[in-house]
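One structure is given here, and the rest of the page talks about it.
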Amino acid sequence: ALGLPVPAGFVVSAAGYEAFMAAGDLQAEINARLQSLREDTGPADSEAIAARYRVSSDIQQRIMAAPVPEELADAIARAYARLCAEAGGGSVRVSLRSSALGEDAAGTTFAGQFKSLLNVPSENLLDAYREIVASKHSLHAMTYRLNRGIRDEDVAMCVGCMELVDARAGGVMYSRNPLDARDASVFINSVWGLPTAVVDGTTPTDLFVVERAGGDSFLARREVKRKFERTVPDEGEGLRREALEPELAEAPSLTDAQALELARLADRLEDAYGGPQDIEWAVDQQGRVLLLQCRPLQLVTPDADAAPAGRAVEGATELFAGGTTACAGAGAGPVFVARKEIDALRFPEGGVLVAPMALPRWAALLSRASALVTEQGGITGHLANVAREFGVPALFDVPEAATRFAEGEVVTVDALGRRVYAGRVEELLAKGEAPAPVMAGSPVFESLREVTRLILPLNLTDPEGENFRPEACATYHDITRYAHEMSVRDMFDFGSKSGLASQASKQLVCKVPMQWWVVNLDDGFARDVPERFVNLADIVSPPMQAIWAGICAVPWAGPPPASNAGMMNIFLQATMNPELAEGAAGGFGERNVFMISKRYACLNSRFGFHFTTIESMLTDGDFDSYAGFKFSGGAADANRRVLRAELIGEVLERYDFQTKLRGDNLFAKAESRRHGFILDRLRILGYLLVHTRQLDMAMADRGAADALRAKMLGDIETMLAQPFQCQEPGSAQ
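Counted from 1, the sequence shown has number 837 at position 293 by the working numbering; the numbering is strictly sequential.
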């Protein structure tokens, strides 16, 4: 429509995609497999990625095996026949390019996430179409959508089919500087042959920078790299790499006139689409410039206070200087070298991703990476695009990067300064800003925001209030709060309502200055206890006895000293969050309750603002005994609560607990066939139950945690040095 030089072709539209997916009820099969994924561990969790990898493979295989509906196959055949007729007859080699609906929503690029197939013969059109549709469910494409909050049903895979250009040269052009929105220069990366090597970052590329000056443009910069090979159409189908003639290796792949012509085309595309563009192009054997595809280009506005590019940090150990900035910023973490796609399953959270080539498939790891370093690739490649989208500092053109840095070595990447340093360079890291959440503004984000209005707010805060009734429940949180309060009340009222006083909850007679209640599930008492109180001498549950021994082992000295900032943090959190109010739990929810039998104990405890559950079963035979622990809550801010949970987890790991931390929620479990081992672990849990009260007020930093950890470990060692003996009924307590 614009009269621009574009190869002839046709499009298999969203309607064609929907017809293909409807055939054989393929979409329902895919939905069932997607719903089987457990994303509660988070899209970046290694277990979730492994599960996603299996589902991805299964879905792609099913799509490739699915038949193309006859009506759609006929429409593709007719469109291809028209293309051949327009080309003068005979068979035409074509390129099939993915162009999914929703690619440009919410500032996304989808750069390199789906397949494009070049040099496809007529007999393979339908197979190539299926392969591109299947690429919607590749591991990196699925992970990208999850990270960006894009629903699977919002992405319909359209496919553009155009006549293959026998390219003398090709590449990618940005109509603006992607690293500086204030720079209106046109940036052109080019190679000999097809532009594939530019977009997938597999070869050195020439760079041409054209500056706009009023109505005129001029070539302001030219960087010609030594190139060793080019990508060309194979004789049969597909592509192949071939060595360059020696005279072309160091020759510019574009003439100055061609670079200026490309810049003029970039201006026209900017005007037509109303913003900066990312454009793929090719120059055919006759020297004609052709446009292959374009997408919106995301720009970065640099920090005005940022240090000048290329400046070194004094006192830091420099490992490398040079390279090309693909995304500005600084990040630090352990080096992880990725060579195969399966390496994605081992990539650590916060790692520095190092790769020989800037392949688009590594985009799946960028939500977990602190920085990106590659040996090859340019700022116009797909991976560079996604790095800027996710705000991950990226440094390209680092020679021997995959062998230069030791695996696991902690380094700091200063992408703007174009340097890599040993260890963490806090001077650089302190200046960095957390990237904006990439899911913001997405369909999933907006859906979740609407749904949370019906889930999260808590209106039923006072169990004794007049509105604490089913009719007043306005959210899911209200329903669960009401149901919990009523079930706990019923449990404590069971004895009086049923007339079975011996089955009612009993208050424990003890010297610990807190209220404790015991519910006998079966045979946890030595005798029937009709009265309201139960003595320790009547408890014959070794798990409960062990927990109680830990509670009483070391007297609690009160909360640790907290700074004024720590105290103010507690007050502010309590003021801003009504759910932390002490009265919110109700008279029953505030009780510390043991539910016991002779071999089982479950303690649900609330101390102030935090909640703890300890559960244990002593078994014989083939089943292991266990001690489980759940810990959550606190009145401080999230950072202090997380530090406390990490401290407790570190202590438990010293004593053979398997732990899992999610934010400020800690889950721990120890298993063994030896009852003595489990009873000692229950003593540790009883000790921690008491001695972690109000620790979040003192959790200002790691230093505070180190001192508290040392004291706790000392107390526990002293406690465990005294062998634990289960008390027989009637013995002294």
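We put the beta carbon where it would ideally sit given N, CA and C, even for glycine.
According to the DSSP secondary-structure assignment, Q604 is paired through a beta bridge with no residue. The DSSP-derived three-state label of W1061 is strand.
Straight-line measurement puts the Cα of L578 at about 10 Å from the Cα of D602. In this structure, the straight-line span from the alpha carbon of L836 to that of D1022 is close to 56 Å. Assignment of beta-bridge partners to A826 by DSSP yields G714 and L834. DSSP places F1138 inside the beta strand (DSSP E), whose first and last residues are N1136 to I1140. Straight across, the Cα-Cα distance linking V827 with R637 is about 17 Å.
The beta carbons of F1069 and V1056 sit no closer together than 8 Å. Sixteen is the threshold: since fewer than 16 other Cβ atoms of the shown chains lie within 10 Å of the Cβ of G952, the residue is exposed. If you check the CB distance, P987 and I694 come in under 8 Å. Judged by pairs of C-beta atoms under 8 Å, the segment 915-932 touches the segment 744-764, as three or more such pairs exist.
In this chain, the alpha helix (DSSP H) harbouring C628 covers E614 to E630. Just so you know, the alpha carbons of R1253 and E933 end up roughly 41 Å apart. Taken atom to atom, the span from the alpha-carbon of V550 to that of L834 is near 6 Å. If only uninterrupted alpha helix (DSSP H) runs of at least 4 residues are considered, those enclosed by the segment 720-764 are 740-743. One thing to note: A959 has its Cβ no nearer than 8 Å to the Cβ of A902. By the criterion of a C-beta distance shorter than 7 Å, A793 is surrounded in its chain by R770, K771 and F772, once the five residues flanking it on both sides are discounted. With respect to the C-alpha of S1085, the residue from W1100, F1138 and R1076 having the closest C-alpha is F1138. When C-beta atoms of the segment 885-892 are compared with those of the segment 706-719, fewer than three pairs fall below 8 Å, so the two segments do not count as touching. For V988, the enclosing alpha helix (DSSP H) stretches over residues P987 to T996. Nearest in C-alpha terms to A672, of all of S682, K659 and H681, is K659. Using a Cβ-Cβ distance cut-off of 8 Å, the segment 864-871 and the segment 933-944 are in contact, since at least three pairs of beta carbons, one from each stretch, lie closer than that value. Pairing V879 with V955 gives a Cβ-Cβ distance under 8 Å.
The three-state reading of DSSP puts C871 in strand, counting E and B together.
In the three-state scheme derived from DSSP, where H, G and I count as helix and E and B as strand, G568 is classed as helix. Annotation for Y965: the continuous beta strand (DSSP E) segment containing it runs R963 to A966. The closest CA to that of E944, considering only G1172, P900 and S1049, is found on P900.
Boundaries of the beta strand (DSSP E) harbouring P777: E773 to P777, taken from the DSSP string. Within a 10 Å sphere around the beta-carbon of N1011 sit fewer than 16 other beta-carbons, which makes this residue exposed. Looking at the DSSP output, C1146 sits in a beta bridge with M1139 and E1159. Residue pairing of A865 in beta bridges, as defined by DSSP: R963. Within 10 angstroms of the beta-carbon of I1083 lie 16 or more other beta-carbons, which makes it buried. Non-local beta-carbon contacts of D1066 in its own chain, meaning distances under 6 Å to residues more than five positions away in sequence, involve S1141 in chain order. Per DSSP, reduced to three states, the secondary structure at E1008 is coil, with no helix or strand assignment.
Taking 8 Å as the cut-off, the Cβ atoms of S643 and W736 do not count as close. Minimum Cα-Cα distance from T1005 among the listed residues A1016, L998, T996 and R622 corresponds to A1016.
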